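Counting the sequence shown from 1 gives a position; this note's numbering is that position plus 409.
For every residue, glycine included, the Cβ atom is placed at its ideal position computed from N, Cα and C.
In this text, all values refer to a predicted model and were calculated from it rather than measured experimentally.
Please read the structure below before turning to the comments.
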Amino acid sequence: MHSHSHEPRQNLKLRPIQNDIGIEQAIRSVPLPMYRVVFVSPLVGARSKIAKAFCPTQADKHPNDNRKFPRIRECIVDGEPITIELIDTLGPGDADHYFEKDLMSAYIEQGDGFLFIYSAENRKSLELAKENYGWVVRRKQHERDNATNPIPGMLVAVRVEDEHKATWMEVTWEEGNKLAEEMNLAFIQVSLKNGRNVEEVFIHIARLIKKYQERKKRISCMHWAYYDQKILDDRYDKVQGTNERKHVTTTREREVLGKVDFDVEFENEQRAGCCVGCIIT
410 MHSHSHEPRQ
420 NLKLRPIQND
430 IGIEQAIRSV
440 PLPMYRVVFV
450 SPLVGARSKI
460 AKAFCPTQAD
470 KHPNDNRKFP
480 RIRECIVDGE
490 PITIELIDTL
500 GPGDADHYFE
510 KDLMSAYIEQ
520 GDGFLFIYSA
530 ENRKSLELAK
540 ENYGWVVRRK
550 QHERDNATNP
560 IPGMLVAVRV
570 EDEHKATWME
580 VTWEEGNKLA
590 EEMNLAFIQV
600 SLKNGRNVEE
610 VFIHIARLIK
620 KYQERKKRIS
630 CMHWAYYDQK
640 ILDDRYDKVQ
650 GTNERKHVTT
660 TREREVLGKV
670 DFDVEFENEQ
680 RAGCCVGCII
690 T
């Protein structure tokens with residue numbers, strides 16, 4: 410009889426990259442997709458705890474170390490190796506001055522996905538999350554192809570630490586979910602006490618970023634195809650206009666002109682290029 414070893418099951422959705430030779434070779438040959446996730450919230454403590462739970466660094470073990478350690482984690486989401494970088498905006502606790510720094514604008518421009526975090530114990534933080542979302546959308550407006558295409562983001566509710574206080578939460582789950590639907594965002598609740606749903610936050614935000622970037626790529630290809638066709642149409646009109654002005658001197662030339670297939674002539678010109686230094690493929 411064959412003996413079977415019982416090994417613990419792994420989370421197939423999101424797991425660290427193992428020391429596998431095939432994966433290491435793939436990483437060396439092809440750079441992993443980099444997804445930059447920005448924390449958008451004046452809740453400094455909540456942002457810090459979520460970041461530490463998902464991607465701890467040396468600075469977490471040595472608080473007196475003044476060096477900056479980027480929070481970058483390589484993992485596999487849905488079978489694809491990726492890299493997630495956490496960008497903690499480190500804004501001040503005073504929400505009224507949270508977005509006044511130019512540095513915050515730079516964070517937003519660099520970000521691929523956004524986590525709008527609020528506390529279930531503080532209704533004002535929920536209202537600020539909605540305001541922050543509108544601010545980010547205005548900053549990223551140039552990257553959106555239309556008003557119905559939302560930015561890749563999530564509304565994250567930080568639950569109370571004491572489970573006995575759950576019935577006394579100032580912001581209920583239903584309220585948070587309703588606001589997320591209004592903002593066209595995904596919604597999730599996390600617990601900073603036991604780390605529940607922290608991993609799931611980054612699983613989902615990575616999927617949203619990937620879907621958003623694939624959509625942008627398709628839209629960009631369609632725009633360039635339209636632009637290229639417009640250039641060809643303009644050139645065609647220009648060629649026709651030049652030939653019409655050239656062949657109007659005599660009746661014989663007009664008869665010859667009527668037999669010329671300008672579509673073929675134009676294709677030949679495109680193969681040859683518009684000038685000596687131009688090659689069209």
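For this session: Look up G520 in the DSSP assignment and say whether it is helix, strand or coil.
Result: Three-state DSSP puts G520 in coil, outside helix and strand.
For this session: Would you identify the three-state DSSP class for I526, choosing helix, strand or coil?
Result: Of the three classes helix, strand and coil, the one that applies to I526 here is strand, per DSSP.
Problem set entry | C-beta contact flag for G522 and I618 at 8 Å | With respect to the 8 Å criterion, G522 and I618 are classified as neighbours on the basis of their beta carbons.
Problem set entry | Neighbourhood of N606 by C-beta, 8 Å cutoff - its chain only, sequence neighbours within 5 removed | I597, Q598, V599, S600, listed in sequence order.
Exercise. In chain order, what residues of the same chain have a beta carbon less than 8 Å from the beta carbon of K620, not counting five sequence neighbours either side?
Worked result: Within the same chain, K620 has close Cβ partners P561.
Exercise. Out of curiosity, what's the CA-to-CA distance linking P442 and A566?
Worked result: For P442 and A566, the distance between alpha carbons rounds to 28 Å.
Exercise. Can you tell me where the alpha helix (DSSP H) with V453 in it begins and where it stops?
Worked result: For V453, the enclosing alpha helix (DSSP H) has its first and last residue at 453-463.
Problem set entry | Cβ pair M592, K539 closer than 8 Å | Cβ atoms of M592 and K539: closer than 8 Å.
Exercise. How is V580 classed by DSSP in three states: helix, strand or coil?
Worked result: Per DSSP, reduced to three states, the secondary structure at V580 is coil, with no helix or strand assignment.
For this session: May I ask you to report which of helix, strand or coil DSSP gives G604?
Result: Under the three-state reduction of DSSP output, G604 falls in the coil class, being neither helix nor strand.
For this session: Quick one: using the 10 Å Cβ neighbour count with 16 as the cut-off for buried, is G488 buried or exposed?
Result: That one is exposed.
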